Every structure is written in structure tokens, then in C-alpha cells.
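In the numbering used here, the protein residues as written are 8 to 693. Note that beta-carbon positions come from the ideal geometry of N, C-alpha and C, so glycine has one too. All values derive from a computational prediction rather than experimental measurement.
Given below as C-alpha cells:
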């Protein structure tokens, strides 16, 4: 127990709950600040003891000591930053703004300590004589690399500048996130008359009514905004004027000149990142980031994006011509707009394949999707079983807690599902951990998936769109990566892998959504229990490539925009966000008026307040591996324990304990090939 923290503080000692689940029922807002203060002080003292150790550096007294340090700080940080994403409030936001620069300074103090770096460097230089096992040798290499990339070898003046840059960047990233949350809530579209919601299903209308009621807007309807540009409801709303309102609200986030405007924030972030890269010896931030990823160079990352762009844009243009014809049937003389695409895309899909979201949603009830779909696939592949725990505390009443058991019945970890949207939760979907697996620390994983599904009125079923089902399988792929982690060192646990590799296992897990045995087990009508008709299953398979022109182009536009922002040099002075965006998209060949980027700059949280700066290309880079792996599963019998166990052993269990591409080659038997990806996205013959 920390001597600096009251024993009454729930962070003062490790949780005694199963798997170290945080005692949410005892954690209050007042506990975070003192726990951070004590955690920072305790960790600083531990680091000082390592750096000042008069004994010669050894792997144990330096590298292992670093791995086991900072436990109090880790406990409070894992809970705090989960909550600031999923269930924040003004008190937590104020503390986040205060603590972010302190944490940045603390990490700089560690990596820029010349005594500590000297010990690490000395060990690294004689690494061949240390007799380390493979995981320990890889840890030493990674720690040495991390110190170098943090600027440990730079002159003192450069290090001082890095400290200042990192402190300001941490503050700005927090501000971007807070601005976006406030503006997203503020821009939710209020509808007065239910007749304007024509086209929405009854449960979607009820969810909009419930959302309005939660804000005290009785008798009205509230259309909340999801994180991407294109909003799911655009596919159903027949009222073109309302579609336009919803779209314009979406693209206005962080860009209205009000207190939540992110324009100056993001341009300052981009400029500071460019300067930091220059201090570290790189031409721009993208070069710095990607040099430590599997892509290795920004040229390689951009090269893949540019290779895919022409075919994707050509497909999107062809689709736009068809959608224009459908629009003119309803509104003669009208021009197709971005807010029309999803609506008429669904109409084309219905006409061509006789399937659309309205037809499918009654078969995608949340609990069935989770238990009989996501969990069922994990059971068939890996032998996992799940038991819901109603006796364990949660940070929100909406969270569900499941204990996960391995195939032999042994306990594996905890899985938390936080599925519903709320004003206190940021947009999008993500996986995170409260506890990371580590043999060294004797810890097993506690994992959470966050989605943003509209909550229906009490007693009504939660019906998902097709894309929301995909997201549920995707995020659980991340959860499996963490749950199956079998590493010694916490630095390598679960998803602690290169950013352009982390999406690979999660994207592979999406394949089981439409696998016949899995689909038949969960896709059942929420009222009758009837399975999804074979006719619709066949149509779903047939329609898999429809809309890939749009989805690929909007993704590439965002990924290339990310590279543009992080490809500027320290001498570039960018102030006009809209002009920079337009020029970047035009230069990349993805400037389609009716296909806006999946995220515009002022609400591009992945890269300006998340961990994907210069890394949004990772999704398509990982999809090359994913599509190739799906082909392997299909060729080898699909949903079998033998296949699942091999994928788990060779990839999921490894975490970051070895080179990521080496792990892929061990699993696949060769380097990845791009052909399966091109075929999946309908770009092979474009």
C-alpha cells in the first residue's frame, strides 16, 4: 500500500475482486486526484531507485524493475481514462485537463533521464552476452528503442524543447476530445413532428423519443450523432430536408467558430507534432510514427492508399450515376448530395438484392447477437464459455459483466460490454482494458468493449443495423486479443502491438458474422424466433461487395487526410483547415463531392485525440493481413477448434512479445498477399 495515499482510497491497494476488477462501487470522483498524486510520486521514487542503483545494470534490476514499477499509477490511470471515454462528467474532464500535462512530463522525466538511459543502453550493447530468452531479448530491444524514440540521446536543449512540446500536445489532445463531445451533444438533431421520421422503423422512432426524453424534451425526437461523417439514420430517413439537417450537423462538429471549435486546436497539434519530429530527426510526424510500425516508411503506407484510390473512386463514380437516376425519380431535376447516398444506396440494394437494413434489423437483437453470435463463434473456435456476473460492481448500470472460461474450464478473465450511447460517452466503438494480462505480475485480463447503440424504451428490444453487428464482432476480436494474451511482461500484453497490426485480429473476427453456422445461431426474428430466411442469407452474401466504392473511398479520403496533416514539416504554416483539407483530397485524387471523408479534420478523433495519428492507414494495411487470413481459414475448414487454436497460439497469445510480421509469417507460412483484399473490395477487376 502506498504510504502517501489514505488507506480508505480504493486505489491504495490492488483490488480484491475477481481478476482485479476495479471496485467501481467504492470509487468516487474525489478519489482520482489524490491517487494520481500518490501514484506519480511513488512511480518517480521507484524510477529514481532504478536510475541511482549503485550496482551494475542487470536485466532484472533495470528492465524488469521498470516493468514492475508504477502499479498504483497504472491502477488509477486505467480506470480514469476508461471513464473519461465512456462515462465522463465535468469533474473528470477538469481533472483530465489538469493531469494530462503532468503525465506527459512524468513520462518525459523517465525517458529523458540520462542515468536510466545509460543503464538501458549499456545492457543493449552487450545484449548478446546476457543469455536472455526470446521474449526478454525482445523486451530489451523495445525498451532501448522507446528511449531513443523519446529523445534520450539528444542534447539537453533539444530534450527541454521535447518536454515543452509533449506537455502542450497532451493538453491540446484533451481539449480536442472535450470540444468534440460537447459539440456532438449540442448538434444532436431535434425533431418536433413524428411525421418527419418517415422511413424509420418503429423501434428507431421509439429510441429517438427516448433520447429526447432523457434530455427533458418530452414530445420531441432526438437524433444523436455517431462519430463518422455518414450517420446510420441517413439510410432510412425519407424526408430529404431532415437528411440534410442531420448530415450538416455531422460535418459541422468542431467547425462552427464557437467555444467548441477545433480548428485552431488541430492546426496547433499538427504544427507541434511536425516540430517534435524535426527535433527527433525526422522530416515529419508521419515518418516518425511509421518508422516504428510494420509499414516501416510513410511512403509504403501512402503507396498502398494511392494504389487503391483510383479503382475505389471509379467504382464510387459509377455507383453515383445509378443513385442519381433513382433520386430523379423522386425529385426531378435534383442533384445527388452526400445526404442522399445512403438512402438511395439502400434502395438500390433492396431492388437489386432484395435486402436492406429495415428487413434485417428484426433478426439482429443485441442480446442474441452477443450471446448466440459473438460468444458462440468464440466457443466454436476456441472453446470459450461465458457466465454473466450480476454480483460484480460496474461503472454504469448499462454495463454487463461476463466471466470468461477457457476450453478446459479454467478461468480466463472478465469481459465487460458497454453497448449503449449516452451523452457522457464519446462516439465510435472501441476496446480497452482495466487489467492487462502478465505472468510477471500474476494478472489476468479485464477487458471492455464500447459501442454506441441507441437505447430503446424500457422493455423494447434493441435491434441492430448490419454495420452495428459487424462492429460487435470487430470489437470482440480486440477483446480476444487481450483475453488470450499469454506473455510474461505487461508491456507486451494483448493489443500492445504495432498500430498497423492491432486491427488485424479484430478484422479477422468479423468473418464469423456471416459464417453460416454462426449466422443461423443468432439471426432470428426477435418476435417469432424464426431464423433469417435462406433467401435473405443468400442475398446478403451476394450483396457483400455492393457499396464498396463508397466505403473504400470515404475511408481512403480520411486516411490520406491523416497523412497530409502529419506530412507537413516544421516550416509549414497551416491555418485554414477547410482549404488544407480540400487541397489534400484533390491532390490524392479522392475529392468527390458526394463522398466526403469518413472523418473531417475537426472531428477526426482517431488522429487528434486518439492513438492513430499518422496511423489511420492501419485499417487497410491490417486488412491485407486479414483478408489473406480469412482465405486461410476458408481453405482449411473454417469454424473449427483446430483452426482457432492455431490462430490463438501463433498470433493472439503472442501480444507484442515478438516481431508482429514474424508472427504472421509463422501462422500463414509466407508473407501476406494483397489479392484477397482486392477481391473482397471489388477492386481486382477495376
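- [ ] Could I get the ranges of all uninterrupted beta strand (DSSP E) runs contained in the segment 589 to 616, with 3 residues as the minimum, in chain order?
- [x] List check, beta strand (DSSP E) in window: nothing returned.
TODO: Look up residue 418 in the DSSP assignment and give the residues it is bridged to.
DONE: Translated into the one-based positions of the chain shown, residue 418 becomes position 411. Answer is 412, bridged to residue 418.
Task: DSSP-derived helix/strand/coil call for residue 581 - done: Position 574 of the chain shown holds residue 581. Residue 581 carries a coil assignment under DSSP once its states are collapsed to helix, strand and coil.
Open item on the list: Let me make sure I understand the geometry here. Which of 388, 387, 382 and 402 has the alpha-carbon closest to that of residue 395?
Closed with: Position 388 of the chain shown, counting from 1, holds the residue named residue 395. Selected option, being the one with the closest Cα: 382.
- [ ] Using alpha carbons as the reference points, say which of 635, 553, 608 and 496 lies closest to residue 141.
- [x] Locating residue 141 in the chain shown gives position 134, counting from the first residue. Cα-wise, what sits closest to residue 141 is 496.
Task: Between the CA atoms of residue 108 and residue 119 - distance to the nearest angstrom - done: As a first step, residue 119 is located in the chain shown; it is residue number 112 there, counting from the start. As a first step, residue 108 is located in the chain shown; it is residue number 101 there, counting from the start. When the Cα atoms are used, residue 119 and residue 108 turn out to be separated by approximately 16 angstroms.
Open item on the list: Using a Cβ-Cβ cutoff of less than 6 angstroms, which residues in the same chain neighbour residue 539 once the five nearest sequence positions on both sides are dropped?
Closed with: Here residue 539 refers to the residue found at position 532 of the chain shown. Within the same chain, and ignoring the five residues on either side of residue 539 in sequence, the residues whose Cβ sits closer than 6 angstroms to its Cβ are 370 and 530.
Task: Status (buried if at least 16 other CB within 10 Å, exposed otherwise) for residue 607 - done: The sequence position of residue 607 within the chain shown is 600, counting from 1. Buried, because 16 or more other Cβ atoms sit within 10 Å of the Cβ of residue 607.
Open item on the list: What ranges does the alpha helix (DSSP H) occupy inside the segment 114 to 191, keeping only unbroken runs of at least 4 residues that lie completely in it?
Closed with: Qualifying alpha helix (DSSP H) stretches, in chain order: 121 to 132 and 141 to 156.
- [ ] Grab the span of the beta strand (DSSP E) containing residue 442 for me, first residue to last.
- [x] Residue mapping note: residue 442 aligns to position 435 of the chain shown, counting from 1. Start and end: 437 to 442.
Task: Selection from 629, 689 and 160 that minimises the alpha carbon distance to residue 549 - done: Locating residue 549 in the chain shown gives position 542, counting from the first residue. Residue 689 is the option with its Cα nearest to residue 549.
Task: residue 360, enclosing alpha helix (DSSP H) - first and last residue - done: Indexing the chain shown from 1 puts residue 360 at position 353. Note, residue 360: alpha helix (DSSP H), 345 to 360.
Open item on the list: Can you check which of these residues, 635, 238 and 169, is closest to residue 115 by C-alpha distance?
Closed with: Locating residue 115 in the chain shown gives position 108, counting from the first residue. Looking at the Cα atoms, 169 is the closest of the given residues.
- [ ] Could you name the residues of the same chain whose beta carbon sits closer than 6 angstroms to that of residue 449, not counting the 5 residues immediately before and after it, in chain order?
- [x] If you number the chain shown from 1, residue 449 lands on position 442. Correct list: empty, nothing qualifies.
TODO: Return the CA-CA distance between residue 87 and residue 96, expressed in angstroms with no decimal places.
DONE: Locating residue 87 in the chain shown gives position 80, counting from the first residue. Locating residue 96 in the chain shown gives position 89, counting from the first residue. So the two alpha carbons sit approximately 11 angstroms from each other.
Task: Distance between residue 196 and residue 232 (C-alpha atoms, nearest Å) - done: Walking along the chain shown from the start, residue 232 turns up at place 225. Walking along the chain shown from the start, residue 196 turns up at place 189. Looking at the two C-alpha atoms, the distance is approximately 8 angstroms.
Open item on the list: Taking 8 angstroms as the cut-off, does the segment 245 to 261 touch the segment 200 to 213 (at least 3 CB pairs, one atom from each stretch)?
Closed with: Contact between the segment 200 to 213 and the segment 245 to 261 is present: three or more C-beta pairs spanning the two stretches fall below 8 angstroms.
Task: Residue range of the beta strand (DSSP E) that includes residue 737 - done: Because residue 737 is not part of the residues shown, which for the chain are 8 to 693, the question remains open.
TODO: Identify whether residue 559 lies in helix, strand or coil by the three-state DSSP scheme.
DONE: As a first step, residue 559 is located in the chain shown; it is residue number 552 there, counting from the start. When secondary structure is reduced to three states using DSSP, residue 559 falls in the helix class.
Open item on the list: For the structure I just gave you, are there three or more beta carbon pairs, one from the segment 19 to 30 and one from the segment 66 to 74, closer than 8 angstroms?
Closed with: The segment 19 to 30 vs the segment 66 to 74: no contact.
Task: Counterpart residues of residue 322 in DSSP-defined beta bridges - done: What you label residue 322 is simply residue 315 of the chain shown in a count that begins at 1. Secondary-structure assignment with DSSP links residue 322 through no beta bridge to anything.
- [ ] May I have the straight-line CA-CA distance separating residue 217 from residue 362, to the nearest angstrom?
- [x] Indexing the chain shown from 1 puts residue 217 at position 210. Indexing the chain shown from 1 puts residue 362 at position 355. Cα to Cα, residue 217 sits roughly 28 angstroms from residue 362.
Open item on the list: Please list the terminal residues of the continuous beta strand (DSSP E) segment that includes residue 393.
Closed with: Residue numbering aside, residue 393 sits at position 386 when the chain shown is read from its first letter. First-last of the beta strand (DSSP E) with residue 393: 392 to 395.
- [ ] Quick one: give me the first and last residue of the alpha helix (DSSP H) that residue 258 is part of.
- [x] Here the question's residue 258 lines up with position 251 in the chain shown. From DSSP, the alpha helix (DSSP H) with residue 258 extends over 247 to 259.
Open item on the list: What would DSSP say about residue 84, mapped onto helix, strand or coil?
Closed with: Stepping through the chain shown from its first residue, residue 84 is reached at position 77. Assignment of residue 84 by DSSP, reduced to helix, strand and coil, places it in the helix class.
Task: Backbone CA spacing between residue 400 and residue 456 [nearest angstrom] - done: By one-based count along the chain shown, residue 400 stands at place 393. By one-based count along the chain shown, residue 456 stands at place 449. Their Cα atoms are separated by approximately 16 angstroms.
Open item on the list: For residue 185, tell me which candidate among 103, 163, 280 and 254 has the shortest Cα-Cα distance.
Closed with: On the chain shown, position 178 is the one that residue 185 refers to. Ranking 103, 163, 280 and 254 by Cα distance to residue 185 puts 103 first.
TODO: Helix, strand or coil for residue 425, going by three-state DSSP, please let me know.
DONE: For the purposes of this step, residue 425 is identified with residue 418 of the chain shown, where counting begins at 1. Assignment of residue 425 by DSSP, reduced to helix, strand and coil, places it in the strand class.
Open item on the list: Quick check on residue 407: does DSSP put it in helix, strand or coil?
Closed with: What you label residue 407 is simply residue 400 of the chain shown in a count that begins at 1. It is a strand residue.
Open item on the list: I'd like to know if the segment 77 to 85 and the segment 45 to 60 are in contact, where contact means that at least 3 CB-CB pairs between them fall below 8 angstroms.
Closed with: Taking 8 angstroms as the limit for Cβ pairs, the verdict is that the segment 45 to 60 does touch the segment 77 to 85.
TODO: Tell me whether residue 516 is buried or exposed, calling it buried when 16 or more other Cβ atoms sit within 10 Å of its Cβ.
DONE: Here the question's residue 516 lines up with position 509 in the chain shown. Answer is buried; the Cβ neighbour count reaches 16.
Task: Alpha-carbon to alpha-carbon, residue 27 and residue 33 - done: What you label residue 33 is simply residue 26 of the chain shown in a count that begins at 1. What you label residue 27 is simply residue 20 of the chain shown in a count that begins at 1. Computed Cα separation, rounded: 14 angstroms.
Open item on the list: Considering only their Cβ atoms, is the gap separating residue 663 from residue 439 smaller than 7 angstroms?
Closed with: The sequence position of residue 439 within the chain shown is 432, counting from 1. The sequence position of residue 663 within the chain shown is 656, counting from 1. For residue 439 and residue 663, no; Cβs fall outside 7 angstroms.
Open item on the list: Measuring alpha carbon to alpha carbon, tell me which residue in 132, 139, 321 and 271 is nearest residue 182.
Closed with: Counted from its first residue, the chain shown places residue 182 at position 175. Selected option, being the one with the closest Cα: 271.
Open item on the list: Could you tell me which whole alpha helix (DSSP H) segments of length 4 or greater appear in the segment 508 to 557?
Closed with: Segments of the alpha helix (DSSP H) lying fully in the segment 508 to 557: 523 to 529 and 541 to 549.
TODO: Answer yes or no: do residue 387 and residue 130 have a C-beta to C-beta separation smaller than 7 angstroms?
DONE: Numbered from its first residue, the chain shown carries residue 387 at position 380. Numbered from its first residue, the chain shown carries residue 130 at position 123. In this structure, residue 130 does not lie closer than 7 angstroms to residue 387 by Cβ.
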